[in-house]
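Everything in the sequence shown is counted per our numbering, starting at 340 for the first residue and increasing by one.
Worksheet: the structure to be examined is printed underneath.
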Amino acid sequence: MRYGIGRPLDVLYWEVRSVWDGTAIEGFARNVALDRRVPHGEIIVRFYRGPSHVLVAEERRDLWDIRPGEERWFIIRPPLRSWQFDWVDLRAEAFTAQP
């Protein structure tokens with residue numbers, strides 16, 4: 340599993356959990372900029388299987404209007420069970436407007 344950084348939006352922590360109806364990815368993202376808000380950000384999670392790293396699913400979560408230094412909790416619920424993927428790649432993207 341890898342962390343994703345999309346300046347100024349950083350993923351501080353995340354974990355993959357098995358839940359009764361599938362899988363949950365929970366974590367926290369922070370706007371690390373000191374002077375710029377993030378009007379729109381995305382957390383992107385890709386799920387891969389097998390030694391050939393076949394992409395089996397991709398899910399996204401939008402985050403809106405994140406102030407400088409603010410942290411946001413996110414949860415992503417893909418329609419997968421833990422045995423349906425071998426590893427996860429998580430990335431953050433920030434879409435910012437220059438003043």
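Built from N, CA and C at the ideal position, the CB exists for glycine as well.
Note on residue 378: under 16 other CB atoms within 10 angstroms of its CB, so exposed under the neighbour-count rule.
Per DSSP, the beta bridge partners of residue 379 are 403, 434.
In this structure, the straight-line span from the alpha carbon of residue 388 to that of residue 364 is close to 17 Å.
If you check the CB distance, residue 417 and residue 398 come in under 9 Å. Note on residue 347: 16 or more other CB atoms within 10 angstroms of its CB, so buried under the neighbour-count rule.
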